[in-house]
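Participant: Numbering (the working numbering), first residue to last: 10 to 148.
Backbone N, C-alpha and C fix where the C-beta goes; we use that ideal spot for every residue, glycine too.
Note that the structure is predicted; figures quoted are calculated from it, not measured.
As structure tokens, this is what we get:
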């Protein structure tokens, strides 16, 4: 839980109308309402646990897992928006950058693919994108 407070004890401040405990509950209610509006109701029904049972283990998320997921999302976004327009579409992660590879028939397709990849990356994590999609015009 995140509560912003300027009190030295970390308790929520009261504006005189509410007790500190009521002010803290009010902040929690506001935060819960904001989360419900932005993320929907994520809490499912509570599963009763035995009193001394250990909490369930959280999945291990590594940097490689995150990068692999971002690469898959970039490929999915580009293929969904530009189906069949880029031959041999491939995304590689080299050092600290994502590299787009493939062959397109126009610079417009190359530009749109780059924008889609950047938008997808910005939503997941910050990174550098190199667009090495080759343009071969058919004449």
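Here's the rule I'm using: 16 or more other beta-carbon atoms within 10 Å means buried, otherwise exposed. How should residue 103 be labelled?
Facilitator: exposed
Participant: How about residue 78 and residue 125: are their beta carbons less than 7 Å apart?
Facilitator: no
Participant: Check whether the Cβ atoms of residue 147 and residue 115 sit closer than 7 Å, and answer yes or no.
Facilitator: no
Participant: Give the straight-line distance between the Cα atoms of residue 105 and residue 132, rounded to the nearest whole angstrom.
Facilitator: Rounded to the nearest angstrom, the two C-alpha atoms are 17 Å apart.
Participant: May I ask you to report which of helix, strand or coil DSSP gives residue 18?
Facilitator: Annotation note: pLDDT 45 at residue 18 (below 50); position unreliable, no value reported.
Participant: Beta strand (DSSP E) containing residue 111: first to last residue?
Facilitator: 106-113
Participant: Can you tell me whether residue 78 is helix, strand or coil according to DSSP?
Facilitator: helix
Participant: Near residue 129, which residues of its chain fall below 8 Å by C-beta distance, leaving aside the five closest residues on each side in sequence?
Facilitator: Cβ neighbours of residue 129 beyond the five flanking positions: 79, 82, 83 and 86.
Participant: Confirm, please, whether the CB-CB distance from residue 112 to residue 123 is below 7 Å.
Facilitator: no
Participant: Can you have a look at residue 99 and say buried or exposed, based on whether 16 or more other CB atoms are within 10 angstroms of its CB?
Facilitator: exposed
Participant: Can you tell me whether DSSP reads residue 136 as helix, strand or coil?
Facilitator: Three-state DSSP puts residue 136 in coil, outside helix and strand.
Participant: On the CB-based measure, 16 or more other CB atoms within 10 Å of its CB, does residue 13 come out buried or exposed?
Facilitator: Its pLDDT being 39, under 50, residue 13 is placed unreliably in this model, and the value from its coordinates should be taken loosely. The residue is exposed, with fewer than 16 neighbouring Cβ atoms inside 10 Å.
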